[in-house]
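With the numbering used here as the guide, the letters of the first sequence map in order to residues 24 to 448. Okay, so here's the structure we're looking at.
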Amino acid sequence: MLDIKFIRENPELVKKGIKNKNEKDTVDQIIELDEKRRSFIAQVEELKAQRNSASQQIGQIKKSGGDASAQIAEMKRVGDMIADLDKNLSGVEEQLHNLLIWIPNLPNETVPIGKSADDNVEVRQWLPEGFTFENEEKVLDHTELGKKLKILDFERGAKITGSGFPVYMGKGAQLERALINFMLDYHIKDHGYTEVIPPLLVNRESMFGTGQLPKLEEDMYLAEKDDLFTIPTAEVPITNLHRNEILEENQLPINYVGYTACFRREAGSYGKESKGFLRVHQFNKVEMVKLVKPETSYDELESITNDAEDILKALKIPYRILMLCSGDLSFAAAKCYDIETWSPAENKWLEASSCSNFENFQARRANIRYRKTENKKLDFVHTLNGSGLATSRLMVSILENYQTPEGKVIVPEVLQKYTGFKIID
RNA sequence: GGAGAGUUGGCAGAGUGGUUGAAUGCGGCGGUCUUGAAAACCGUUAAGGAUGCAAGUCCUUCCGGGGUUCGAAUCCCUGACUCUCCGCCA
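This is the structure:
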């Protein structure tokens, strides 16, 4: 959520940001409603001040046994006027709110302007020693490998639930679990994060707080009876841990890491991209969330991105970092790096992580503030998150990059102590 | 699922219609005292909004929403959550 005062004072800046994000510009309507709102406030507050002092007088008169019926009649009239004005005011405020919640966060000034994913900018690439993009022999893709080695079963997943709900079997399940544990341990021990196991269903307030609602309602599973959503990412419950709280400056930065299953309807995105793990409705992800002081948030963005990269370096998976252009940024993000891992079978990069700075956009929605040590003033924290990482796409890269000419898969060295075996055959 | 109790400021906890934004205690901050610290004592201590260059003035807020009233933390309705007991269950 943007600050209405900021919009009022910088309408052109806001309009530009909205345009660069390909979102709907309602700034003129917002400013008009804001003026209306403030004019109603001025009127109604004037009357309320009048009523408050008169009510006090009436109390005095009654106490001393006098007759206050004239004042009471007058105040009844004033009360009716207040009721009318209040009604108008809340009507205007509702309209204003309904526009404001659709205004996206503005891109940071360092973000390249662009329309779509084609305009994202590659920042750097990391390739393991000896890696080459050319494959002399045919590489099996992850679905073929999964079938051959009996470690993934997409067909049975479709039977018991529907397409896009993968089943991991045997060593596949063990590898998945090893990967999750490895990533959690790494972030906890080497990067100093605190582990959280949050609920997988959350209420509307939480979904609003991180910016999934109202825009992305159609992309989420909803348990209608209880009006609860399954989480599309652990970002939602973990960031909302501190909703409506005031933190102390010396508590910051707060670094959380959590593993959860994630659920996405991916409405309207069926197609060739949906093979195997490439697009699923349920997947596993280790997510990092940071609550930080505003002045540090861009350093923290670099840091959280590095934390995700460290995992890939340890696994020796080739990856590249993209800086998303304005048009490809999510609704709530001000700046975002995507990490893509290499898939030799698809012969392309697959998004495995997304690290974003939301500045105070989510903190405003979720009302997460902190008290500054210096002057005791309150301010909104900045929130960040980054996948560290999503296992589905990562599993594609591991299976494909670590396969032997015979179609077996070597377990990455750092995972071997977690799996207890070195090869899947 | 059934029955009951509760939700007040950073925390604990008073307050059942009229200077109650809210007693008191703790905590926090400032000060006195002290070589320093502790103790003791004194003072101070909410957030959001409107307006204003500012000082200030005003409005709102006692879980959320609605109502009664000239006036509500206080009365009524409703929703959420918490706790206790019973039932069911991993």
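Even for Gly, the Cβ is constructed at its ideal location relative to N, Cα and C.
- Under the 8 Å Cβ criterion, the stretch 370 to 381 counts as touching the stretch 406 to 414, having at least three qualifying pairs.
- Rounded to the nearest whole angstrom, the C-alpha separation of V190 and T166 is 12 Å.
- Note that the C-beta distance between V259 and T217 is not below 8 Å.
- Between Q305 and F188, the alpha-carbon positions lie close to 6 Å from each other.
- For the pair R179 and F300, the Cα-to-Cα distance works out to about 14 Å.
- Of the residues P276, T442, Y209, the one whose Cα lies closest to the Cα of R200 is T442.
- Counted as a single uninterrupted DSSP element, the beta strand (DSSP E) harbouring K313 occupies residues 305 to 315.
- Two segments are said to touch when three or more pairs of C-beta atoms, one from each, lie closer than 8 Å; by this definition the stretch 343 to 354 does not touch the stretch 310 to 324.
- The count of Cβ pairs closer than 8 Å, one atom from the stretch 337 to 348 and one from the stretch 283 to 290, stays below three, leaving the stretches out of contact.
- Straight-line measurement puts the Cα of V434 at about 31 Å from the Cα of I261.
- N158 and K248 have their C-alpha atoms some 52 Å from each other.
- A direct Cα-Cα distance of roughly 18 Å separates E46 from Q118.
- Per DSSP, the continuous alpha helix (DSSP H) segment holding Y321 begins and ends at 320 to 338.
- The C-beta distance from S420 to T364 rounds to 4 Å, short enough to meet the 8 Å contact threshold.
- Between L373 and M206, the C-beta gap is not smaller than 8 Å, which leaves the two residues out of contact.
- Nearest in C-alpha terms to E289, of all of L338, Q52, M243, H214, is M243.
- Judged by their CB atoms, P135 and V146 are not nearer to each other than the 8 Å cut-off.
- With fewer than 16 other Cβ atoms from the protein chains shown falling within 10 Å of its own Cβ, N75 counts as exposed.
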